[in-house]
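Q: Residues 8 to 546 (our numbering) make up the sequence shown, in order. Let me give you the structure first, and then I'll get to my questions.
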Amino acid sequence: MTGAFNIAFAQINLLVGDVPGNVSRITTAISGAREAGADLVVFPELALCGYPPEDLLLHGGLRRQVASALDEVRAAATGIAVLVGYPEYVGSAIYNAAALLADGQLRASYRKQLLPNYSVFDEKRYFQSGTGPVVATLGDIRIGIGICEDLWAAGPCRAARDAGAELIVVPNGSPFEVGKQAQREAVLATRARETGLPVAYTNLVGGQDELVFDGGSCLVDAAGSVRMRAPAFVEGLFHCSLARRDGRLQALPGQVAPLLDDEASVYGALVLGVRDYVGKNGFRGAVLGLSGGVDSALTLAIAVDALGAPALQAVMMPYRYTSAISLEDAQAQARAMAVDYEVISIEGMVGAARTALAGLFAGRAEDATEENLQSRCRGMLLMAISNKTGRMVLTTGNKSEMAVGYATLYGDMAGGFAPIRDCTKSRVYRLARYRNSLGAVIPERVISREPSAELRPDQKDSDSLPAYEVLDPILDALMLENRSVADIAAAGFDPAVVARVLEMVRRAEYKRRQAAPGVRISSRAFGRDWRYPITSGYR
């Protein structure tokens with residue numbers, strides 16, 4: 008090789024199941040990479056069909072579309088080599104594969120060896136494992152191929168090196184969670200040092216249901232140092248180069264985008280998740296209830312940053328327990344963010360419902376039933392606006408509330424997407440302050456005042472729940488660490504409080520099964536990686 012070997016990372020946003028649309032995006036990126044002088048363009052895992060395709064893989068129509076699409080991409084691979092992920096169908100077996108295409112020909116096809124079957128991953132439901140390394144030659148460079156999980160154990164990369172590879176190239180579909188980029192780069196550094204080879208890593212970007220893929224494609228040299236890193240949450244072609252020096256292929260310095268801190272990365276994931284869920288599902292925008300509280304305030308800020316103010320409608324739905332400051336703060340934020348803002352009283356609706364139920368409820372004391380009527384009237388109004396305008400209802404509940412069931416089915420839980428459902432209340436406050444650091448749009452009083460659902464006089468969240476500074480660490484210990492009551496109590500928490508919280512979590516399972524999906528930002532969210540029975544005698 009004379010001169011540099013140039014790689015383009017196609018960090019692109021794809022739509023699961025839209026094979027023709029994905030092919031169009033892929034061929035456009037091939038043209039752009041070729042014009043930029045790349046020798047190889049690398050696409051994400053399963054780029055042809057999108058990731059994760061789930062049971063779409065089992066449809067014969069998808070199988071036919073993928074075969075045709077691979078031919079189309081192969082024909083476009085002229086003047087540049089292309090590595091693209093696709094599902095490979097062989098009889099009744101399916102492989103998670105990557106095809107290396109060049110000069111209009113299939114040069115090699117690699118089958119993923121390590122299939123993740125934990126957390127949000129369910130690949131053994133669909134795929135068979137590949138059985139060995141694939142090393143292909145481009146010019147005089149010997150390239151070993153891996154796919155995503157193959158990096159997370161030593162075997163596949165070592166086998167590729169032993170088969171003669173001098174560069175490992177890895178397409179990925181690695182979803183975001185807090186701290187994930189640092190974890191990825193630590194794994195990349197370990198594989199690079201173990202093999203003595205540079206590693207080129209391309210990741211997907213975009214939202215897919217509750218998952219968000221954050222990009223962060225990078226090139227790591229043989230010593231484990233990051234020589235190039237693409238920015239998080241940004242779609243595009245990002246370039247890096249290698250050159251042969253002293254008989255070895257070495258990574259050259261390139262642009263290294265800074266790592267985002269936790270709140271910046273979480274906020275970026277929430278914005279991208281909302282934008283893609285609303286947009287990819289064909290909604291005209293979003294509508295939400297703006298209560299004057301911090302949860303709805305943060306949700307509105309995320310939605311405006313994701314979709315733009317003209318696509319948003321905020322609705323304040325006061326009742327007799329709604330405070331004057333809630334009305335003032337909701338209006339102030341709506342004005343600051345330039346969104347369409349409506350005030351619709353629910354006094355008449357709640358009164359009509361109570362009148363209709365008066366005979367049935369005679370002789371019974373007021374309780375949460377009357378509180379939930381308020382929430383359900385609000386949910387009915389928002390769903391009516393959604394039906395009429397084509398805007399998706401965004402729910403505003405947080406992870407702490409969802410965990411313990413502090414939410415109303417068919418009320419504040421009614422909607423199509425729940426942006427902050429994996430954010431504890433403590434994180435909601437941090438995110439609100441982070442968003443205001445970019446430009447003050449959430450009134451300070453919303454962040455500083457004590458939280459209240461305002462469903463009865465002088466109500467506070469702390470009337471029903473432990474303080475969030477106690478509740479949230481207990482929830483993290485339960486969900487992220489799988490710790491028992493005794494273990495959590497041993498960390499300094501009141502055993503009675505811990506037992507109460509765990510019982511609330513258990514009893515709320517039926518609610519969570521009916522909740523809208525939302526962006527996953529932690530290592531364990533209520534969703535595809537939380538699988539507890541509703542009916543259970545376990546204590």
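Quick reminder that beta carbons are idealized off the backbone N, C-alpha and C, glycines included.
Do L249 and V194 come within 7 Å of each other at the CB atom, strictly closer than that value?
A: Not in contact: V194 and L249 (Cβ atoms no closer than 7 Å).
Q: Using a 10 Å radius around the Cβ and a threshold of 16 neighbouring Cβ atoms, would you call R132 buried or exposed?
A: Exposed.
Q: Taking the Cβ atom as the reference point for each residue, do L90 and V73 lie within a distance shorter than 7 Å?
A: In this structure, V73 does not lie closer than 7 Å to L90 by Cβ.
Q: Closest to C384 by C-alpha separation, out of K467, A425, G296, L367, would be which residue?
A: Comparing Cα-Cα distances from C384 to each of K467, A425, G296, L367, the minimum goes to G296.
Q: Based on Cα-Cα distance, which residue from A11, A189, D169, P182 lies nearest to G146?
A: Closest by alpha carbon: A11.
Q: For S181 and P163, what's the separation of their Cα atoms in angstroms?
A: Approximately 18 Å, taken between the alpha carbons.
Q: For the segment 361-419, list the alpha helix (DSSP H) runs that are entirely contained and at least 4 residues long, ordered along the chain.
A: Fully enclosed alpha helix (DSSP H) runs of 4 or longer: 375-396, 406-411.
Q: Measuring CA to CA, which of I454, Y545, Q521 is closest to S333?
A: It is I454.
Q: Taking contact to mean 3 or more Cβ pairs, one atom from each stretch, closer than 8 Å, check whether the segment 487-505 and the segment 366-384 are in contact.
A: Output reads no: the segment 366-384 does not touch the segment 487-505.
Q: Determine the burial state of G386: buried for a count of at least 16 other Cβ atoms within 10 Å of its Cβ, exposed for fewer.
A: Label assigned to G386: buried.
Q: Which residues bound the alpha helix (DSSP H) around E335?
A: 331-343 is the extent of the alpha helix (DSSP H) around E335.
Q: Name the residue from V185, V322, Y274, A359 whose alpha carbon lies nearest to the alpha carbon of A293.
A: If we check each option's Cα against that of A293, V322 comes out closest.
Q: Return the residue from the list Y58, I351, M344, Y328 that minimises the CA-CA distance to P464.
A: Answer by Cα proximity: Y328.
Q: From K432 to G214, what does the alpha carbon distance come to, in whole angstroms?
A: Whole-angstrom Cα-Cα distance: 23 Å.
Q: Terminal residues of the continuous alpha helix (DSSP H) containing A11?
A: It is not in any alpha helix (DSSP H) - A11 carries neither H nor E in the DSSP assignment.
Q: Hey, would you say N103 sits closer than 7 Å to F134, going by beta carbons?
A: Contact: yes.
Q: Take L108 and list the residues in its own chain whose beta-carbon comes closer than 6 Å to its own, dropping the five residues that flank it on each side.
A: Around L108: R81, A84, V89.
Q: Need the endpoints of the alpha helix (DSSP H) that A100 sits in, please.
A: It is not in any alpha helix (DSSP H) - A100 instead sits in the beta strand (DSSP E) that spans 100-109.
Q: Does the separation of the CB atoms of I152 and L174 fall below 7 Å?
A: In this structure, L174 does not lie closer than 7 Å to I152 by Cβ.
Q: Is the separation between the beta-carbon of Y436 and that of Q381 shorter than 7 Å?
A: No.
Q: Hey, would you say M390 sits closer than 7 Å to G423, going by beta carbons?
A: For M390 and G423, no; Cβs fall outside 7 Å.
Q: Ignore the nearest five residues each way along the sequence and tell me which others in V505's own chain have a CB closer than 7 Å to its CB.
A: Answer for V505: I481, V492, I495, A496, listed in chain order.
Q: By the three-class DSSP mapping on this structure, what secondary structure does P502 have?
A: Helix, per DSSP.
Q: Alpha carbon to alpha carbon, how far is G261 from G86? Give it in angstroms, no decimals.
A: C-alpha separation (whole angstroms): 23 Å.
Q: My assumption, with CB atoms under 8 Å, is that A36 sits in contact with L244. Please give the rounded CB distance.
A: Contact flag correct, Cβ pair sits at about 6 Å.
Q: Note down the Cα distance separating L388 from A460, rounded to an integer number of angstroms.
A: In a straight line, the C-alpha of L388 is about 18 Å away from that of A460.
Q: Using the C-alpha atoms, what's the distance from V263 back to T144?
A: The straight-line gap from Cα to Cα measures roughly 28 Å.
Q: Among the candidates L307, L77, Q120, whose CA atom is the shortest distance from the CA of V177?
A: Considering only alpha carbons, the answer is Q120.
Q: Kindly confirm or deny that the segment 46-55 and the segment 23-33 touch, where touching means at least three C-beta pairs closer than 8 Å.
A: The segment 46-55 is in contact with the segment 23-33.
Q: Put M4 into one of helix, strand or coil per three-state DSSP.
A: Only positions 8 to 546 of the chain appear in this structure, which leaves residue 4 out of reach.
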